[in-house]
RNA sequence: GCCGCGUUAGCUCAGCUGGUAGAGCAGCGCUCUUGUAAAGCGAAGGUCGUGGGUUCAAAUCCCUCACGCGGCACCA
């Protein structure tokens, strides 16, 4: 085709408002923006062409629907800003330290990271240097340009630059996919894009480098450890400030900090990953445990208790020894003292023990479903770097239960479980949760027919309850599909707590059976299920969800009665005694301190209710009620106030049946 | 487990390039009898995580280990 012929070819561009305009073929998003208005041309950051987000510099060669984006298109702008900030950071790093090797730098929630290979560790001072250099690059307003190269040229290019990670990345790009090379000014990176039009479109005052961390190359612990720098970026300085403020607020509800401040628990180096519960914390834990015990009992579960220390023979039989031996705490008796040599393990899970209980005595189909529950204390030798306050510990207690049932009973058991879990989460203050259904993996036991039935049972159960869910194909265990339940906390974070897992394997390995209607022996299914997961972790989630300001029924300290003058001490004691008689966790603060002091101290300790009593209250048989976080007080007759507090302190399940 | 950083009084933290430790709050004692987020005064409190090394001298520099923190990997 001649140049002249090319020039007269036209493409029809449909704009978001429906207008159709003709442009010469090969027109770019930038060109279209320029034709529409000067201001749009300046503000444009990218374009969507036929539903695909692209650079403004991409030529458009066929009739297309085109939308030009500016920084006002929040989702698109944030993605591009963070993406380009990652490139600008990598460029800044290489300009400061030319020997640093670059790898990858994707956009993540709230920001981006970029992994570097550098002999020297990055310091926090380095981050400030990099930020400064990034602002310089942004000020250059270097245009972003792109070319598609063939594979060999790209490989040679990166070999010449001594960028081995990029060579590897080029090799990973599937055949037939274009290899896009990008430039920010003179600096070059391998990237599929899209990008902003120039570096100046990253707001210089709305990004921040957050932290440095180690990360394995391609997430593989057998490969080199790189240095990862995390950054965050927004469209405006105020958005960045708001984000940093949210991080500070989240840090304030850190359960480790609140745990110390509210005297809930502590941990120490003689027992890493193990919790020392203090009186206040144990009160909270017990409120939760007592509640769960009642809920399980009412749902038809039988509570049992099984041993902590069990011979390795059982773990060999269950298959855990082979797979998880190095994560088990071993318990041995001194050879001289022991009559026989045995190797025991602290139980890492309850299920093999539960099968032992099931296996005692012959079971009939009439016994099924049999729901065995245990608040089972388990120990796992977790990797040292994985521990995190109460969220990941080595000694924990599950709200564990195993349901032994027939295949036909799976669906109704699953539906009943979801209903129970949903009610429990609601009582504990979590309105929203999501379900993930993990289905058959490549490598599995059992026939496809069985998998069809069991997966169908789980899906039907979910539909029955009407809960939102998504399917995660291939993510199930080799012995059965499972459901994971993720709840959302007060600040939008998700926590996977509940689980429901179908197991056809363990009953087989440990020889569980029942006599059916037909008089023959059959293998029961075993359903592993938990609602809270572990009490330790769930307590941590509760602390963070409520930021330590628990609803009255969960609060470790519910009511403090604080006399204003010592003449009110006897009256305060009477009120405390009356509340305690009704099960309310009340205490009197008879210290010789001003009421201001007492109010401040108990407020900081997050006691939900302070009852102040002075001469007037004694005289009139009233109390002055002050709620945590409120300035105002309310004076009420003591009997009425106590009746309301007693009602409010009643756990929700008991309140429903009262 | 891996990378980086950290560990000083009960808590929060100072302590620069080496000269054997400071503050606020809490706790303790005394005074104050108090009206809704800190009354006043006083005395006390630390083998500077562990073990080793360098040095005339180490909280400070080097090494080891432990634990913690931020990630990565792992999470039956």
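Residue numbers (my numbering): 10 to 667.
Idealized CB from N, CA, C, for every residue including glycine.
| Query | Result |
| --- | --- |
| Contact check, residue 407 vs residue 539, beta carbons under 8 angstroms | yes |
| As assigned by DSSP and simplified to three states, the class of residue 651 | helix |
| Residue 190, DSSP secondary structure in three states | strand |
| Residue environment, residue 665, which counts as buried when at least 16 other CB atoms sit within 10 Å | exposed |
| Alpha carbon of residue 221 to alpha carbon of residue 86, nearest angstrom | 25 angstroms |
| Segment contact flag, the stretch 190-209 with the stretch 217-233, C-beta cutoff 8 angstroms, min 3 pairs | no |
| CA nearest to the CA of residue 116, picked from 95, 107, 131, 127 | 95 |
| Proximity to residue 91 [Cα-Cα], best of 463, 47, 73, 203 | 203 |
| Contacting residues, own chain, Cβ-Cβ under 6 angstroms from residue 552 (five flanking each side not counted) | 264, 267 |
| Through-space distance from residue 34 to residue 10, alpha-carbon basis | Bear in mind that the predicted position of residue 10 carries a pLDDT of just 45, short of 50, making it too unreliable to give a figure here. |
| Given residue 19 as reference, the closest of 452, 70, 58 once Cα atoms are compared | 70 |
| Residue from 580, 568, 655, 579 whose Cα sits closest to the Cα of residue 634 | 568 |
| Residue 572, enclosing alpha helix (DSSP H) - first and last residue | Segment 568-572 is the beta strand (DSSP E) holding residue 572; no alpha helix (DSSP H) there. |
| Continuous beta strand (DSSP E) stretch holding residue 607: start and end | Looking at the DSSP string, residue 607 is not in any beta strand (DSSP E); the run it does join, the alpha helix (DSSP H), is 604-613. |
| Range covered by the alpha helix (DSSP H) that runs through residue 472 | 457-474 |
| Segments of 3+ residues assigned as beta strand (DSSP E) that fall wholly inside the stretch 314-376 | 318-320, 353-355 |
| Nonlocal neighbours in the same chain, by C-beta distance under 7 angstroms from residue 578, ignoring five residues either side | 572, 599 |
| Length of the line joining the Cα atoms of residue 659 and residue 237 | 49 angstroms |
| Cβ neighbour criterion (16 or more within 10 Å) applied to residue 372 | buried |
| Cross-strand partners of residue 523 (DSSP beta bridge) | 372, 531 |
| Where the alpha helix (DSSP H) through residue 98 begins and ends | 83-105 |
| Beta strand (DSSP E) segments (min. 3 residues) lying fully within the stretch 192-225 | 196-199, 216-225 |
| When 124, 331, 284, 367 are compared against residue 314, the one with the closest alpha-carbon | 367 |
| Spatially closest choice to residue 441 from 141, 168, 477, by CA coordinates | 477 |
| Selected residue, minimal CA-CA separation from residue 654, among 528, 489, 590 | 590 |
| Integer Cβ distance of residue 661 from residue 436, believed to fall under 8 angstroms | 4 angstroms |
| Straight-line gap, residue 486 to residue 380 (C-alpha atoms, nearest Å) | 22 angstroms |
| Secondary structure of residue 433, DSSP reduced to three states | helix |
| Where residue 633 sits in the DSSP three-state scheme | strand |
| Residue 546 versus 489, 623, 162, 397, residue with shortest Cα-Cα distance | 397 |
| Which of helix, strand or coil DSSP assigns to residue 258 | helix |
| Beta-carbon contacts of residue 508 that lie in its chain and below 6 angstroms, excluding the five residues immediately before and after | 493, 539 |
| Where the beta strand (DSSP E) containing residue 405 begins and where it ends | 404-414 |
| DSSP state of residue 562 mapped onto helix, strand, coil | coil |
| Assumed close pair residue 337, residue 354 - CB separation to whole angstroms, cut-off 8 angstroms | 4 angstroms |
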